[in-house]
Amino acid sequence: MQEILINWAPQETRVAVVEHGAVQELHVERTLERGLVGNIYLGKVSRVLPGMQSAFIDIGLERTAFLHVADLVAPYTPGSRAAPGAETRPTADGRPPQSVVPIERQVFEGQSLLVQVIKDPIGTKGARLSTQISIAGRMLVFLPQDNHIGVSQKIPPDQRDALRQRVQTLADAAVKAEAVPGMAPREHGGYILRTNGEDASDTELAEDIAYLRKTWARIHERSGKMPPVSLLHQDLSLLQRVLRDLVDDHITSIRIDSREQFDALLRFGREFMPKAAEKLTLYTGERPIFDLFNIDEDIVRALGRRVDLKSGGYLVIDQTEALTTIDVNTGAYVGARNFDDTVFKTNLEAALGIARQLRLRNLGGIVIVDFIDMGRADHREQVLAELRKQLGRDRVKTTASGFSQLGLVEMTRKRTRESLAHMLCEPCVACGGQGIVKTARTVAYEVLREILREARQFTPREFRIVSSPAVIELFLDEESQHLAGLSDFIGKPISLQAESAMGQGQYDIVLL
Numbered sequence: 001m002q003e004i005l006i007n008w009a010p011q012e013t014r015v016a017v018v019e020h021g022a023v024q025e026l027h028v029e030r031t032l033e034r035g036l037v038g039n040i041y042l043g044k045v046s047r048v049l050p051g052m053q054s055a056f057i058d059i060g061l062e063r064t065a066f067l068h069v070a071d072l073v074a075p076y077t078p079g080s081r082a083a084p085g086a087e088t089r090p091t092a093d094g095r096p097p098q099s100v101v102p103i104e105r106q107v108f109e110g111q112s113l114l115v116q117v118i119k120d121p122i123g124t125k126g127a128r129l130s131t132q133i134s135i136a137g138r139m140l141v142f143l144p145q146d147n148h149i150g151v152s153q154k155i156p157p158d159q160r161d162a163l164r165q166r167v168q169t170l171a172d173a174a175v176k177a178e179a180v181p182g183m184a185p186r187e188h189g190g191y192i193l194r195t196n197g198e199d200a201s202d203t204e205l206a207e208d209i210a211y212l213r214k215t216w217a218r219i220h221e222r223s224g225k226m227p228p229v230s231l232l233h234q235d236l237s238l239l240q241r242v243l244r245d246l247v248d249d250h251i252t253s254i255r256i257d258s259r260e261q262f263d264a265l266l267r268f269g270r271e272f273m274p275k276a277a278e279k280l281t282l283y284t285g286e287r288p289i290f291d292l293f294n295i296d297e298d299i300v301r302a303l304g305r306r307v308d309l310k311s312g313g314y315l316v317i318d319q320t321e322a323l324t325t326i327d328v329n330t331g332a333y334v335g336a337r338n339f340d341d342t343v344f345k346t347n348l349e350a351a352l353g354i355a356r357q358l359r360l361r362n363l364g365g366i367v368i369v370d371f372i373d374m375g376r377a378d379h380r381e382q383v384l385a386e387l388r389k390q391l392g393r394d395r396v397k398t399t400a401s402g403f404s405q406l407g408l409v410e411m412t413r414k415r416t417r418e419s420l421a422h423m424l425c426e427p428c429v430a431c432g433g434q435g436i437v438k439t440a441r442t443v444a445y446e447v448l449r450e451i452l453r454e455a456r457q458f459t460p461r462e463f464r465i466v467s468s469p470a471v472i473e474l475f476l477d478e479e480s481q482h483l484a485g486l487s488d489f490i491g492k493p494i495s496l497q498a499e500s501a502m503g504q505g506q507y508d509i510v511l512l
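Residue numbers for the sequence shown follow the working numbering, so the first one is 1 and each next one is one higher.
Written as structure tokens, this is what we have:
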């Protein structure tokens with residue numbers, strides 16, 4: 001059983017999923033870094049540009065947003081004909097071709113439009129918009145202006161038809177349940193089943209459909225009441241996504257340390273997710289909520305390369321752009337009766353630690369695990385079974401293959417957001433993210449070669465070396481003879497200047 005701890009501050013929200021006193025997942029959202037993608041506005045057309053087939057829409061931001069004709073999508077109606085002068089284009093999902101009407105025939109200045117942000121503002125460019133509204137749920141994406149049922153392309157083709165039919169049946173049932181005697185049935189809407197909905201139960205899908213339809217009903221209602229240039233729907237905050245995405249039967253309680261956010265989250269939960277809202281409690285203890293389980297210490301450890309295991313073994317985790325590598329080592333563990341048992345027990349414990357670190361650090365993409373070599377086939381099978389068992393607890397889709405000929409386990413984990421390290425850290429200015437820097441002697445020899453190169457092209461009065469204190473100290477001591485010899489060879493004096501702000505690999509050669 002697990003519980004969720006929420007630490008809220010005006011600048012940052014942190015959420016930890018804790019099991020048996022150990023952090024299993026960590027989610028962070030910073031107020032200033034939260035984007036606009038997914039937000040839905042009632043915008044006002046401020047300008048139409050036929051030559052660019054685009055329009056500028058005022059949605060209340062500092063800069064007007066941009067709408068291209070390709071993102072101006074009319075609701076799909078079977079059998080509809082193209083307007084005169086319009087082009088037609090086939091759709092990607094096999095539906096009949098739809099017309100592409102020139103933008104000046106669809107919008108006009110001063111018109112109110114329901115739009116959604118599909119790209120955040122960047123630099124001097126405003127946000128990019130679409131009139132095709134989509135609302136993301138936990139397992140489904142709702143398309144209120146469509147009637148098509150789609151399935152993620154990442155789901156195997158042989159499963160798509162059955163999943164499509166399941167969603168269709170549940171969607172029909174939702175419309176029927178909302179029917180009011182004497183009134184026309186509500187819009188059906190379209191759905192796209194997301195990858196993480198592949199193994200969802202009918203109950204989970206039905207709850208997602210109910211949430212999405214209720215959300216759209218609220219947006220539709222507000223669009224008729226609010227004036228133009230109004231925000232109708234903001235993509236869920238991390239607090240709200242906790243109730244939508246993280247709460248299941250394994251969660252016993254949700255504790256939050258802010259009275260204001262507790263009240264707001266309780267109202268949201270009672271309207272959209274009543275079962276999850278029942279687990280909400282306000283934390284009023286004197287100690288910071290994350291101190292209850294030393295979560296800040298776990299965060300520090302999750303940013304390091306080395307992860308110590310209880311037995312004395314350890315993991316070394318390296319994250320690169322292409323993949324993540326995890327190396328398992330016995331370290332100080334010598335507790336088993338023989339070497340084979342020592343290796344086996346270390347690898348078993350490592351399987352548990354690896355699965356936890358993947359969740360905690362939110363590592364995605366390709367992961368290569370180098371377990372300690374095991375001579376016995378049954379040991380390898382048990383370690384692999386334990387790894388798959390622990391990975392099965394992950395909310396994110398994860399697959400693990402068997403041992404390769406080199407004794408490596410290759411696995412993949414779906415990317416859902418930036419990893420913890422990418423979110424909280426940035427590349428080192430000294431090493432550029434490589435984790436290593438040139439030695440002071442290497443830099444000193446580069447400086448000597450550069451001075452020789454410069455002396456062949458220029459004839460200054462003097463050369464001055466500006467570098468880190470470590471490099472300058474080397475020139476004053478061990479490399480002083482080489483520096484003096486170069487000065488005699490080029491016939492120019494060479495002076496030194498230490499600059500503490502410079503990294504060890506940095507230097508400048510000033511011509512005086």
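By construction, the Cβ of each residue, glycine as well, lies at the ideal position given by its N, Cα and C atoms.
By the criterion of a C-beta distance shorter than 6 Å, A9 is surrounded by no residue of its chain, once the five residues flanking it on both sides are discounted. Residue state for R138 is assigned as coil, using DSSP reduced to three classes.
Taking the Cα of G285 as reference, the smallest distance to any Cα among D257, L163, E297 is reached at D257. Your pair F262 and W216 does not check out as a contact, with CB atoms roughly 27 Å apart and the cut at 8 Å. Cβ atoms of G402 and D373 stay farther apart than 8 Å, at about 15 Å. Using a 10 angstroms sphere on the CB of H27, the tally of other CB atoms reaches 16 or more, which defines it as buried.
By the Cβ neighbour-count rule, N338 is exposed, with fewer than 16 other Cβ atoms within 10 Å of its own. In this structure, A400 places its C-beta atom within 8 Å of the C-beta atom of L391.
Here V18 has Q2, E3, I4, L5, Q24, F293, I295 as same chain residues with Cβ atoms under 8 Å from its own Cβ, once five neighbours each way along the sequence are excluded. Here the C-alpha atom of R213 lies approximately 17 Å from the C-alpha atom of L243. A direct Cα-Cα distance of roughly 36 Å separates S152 from V307. Between the stretch 444–457 and the stretch 408–426, the count of Cβ pairs shorter than 8 Å is below three; the stretches do not touch.
Here DSSP, grouped into helix, strand and coil, assigns S223 to helix. Of the residues assessed, G190 falls on the buried side of the cut-off, its CB having 16 or more other CB atoms within 10 angstroms. Contact annotation: the stretch 466–480 touches the stretch 439–448, with at least three C-beta pairs closer than 8 Å.
Taking the CA atoms as reference points, H422 sits about 13 Å from T324. Between the alpha carbons of D249 and E33 lies a distance of about 32 Å. With a beta-carbon spacing of about 5 Å, F371 and V328 fall inside the 8 Å limit used to define contacts. The criterion of a C-beta distance shorter than 8 Å is satisfied by T13 and L239.
The secondary-structure analysis by DSSP pairs D58 across a beta bridge with K44.
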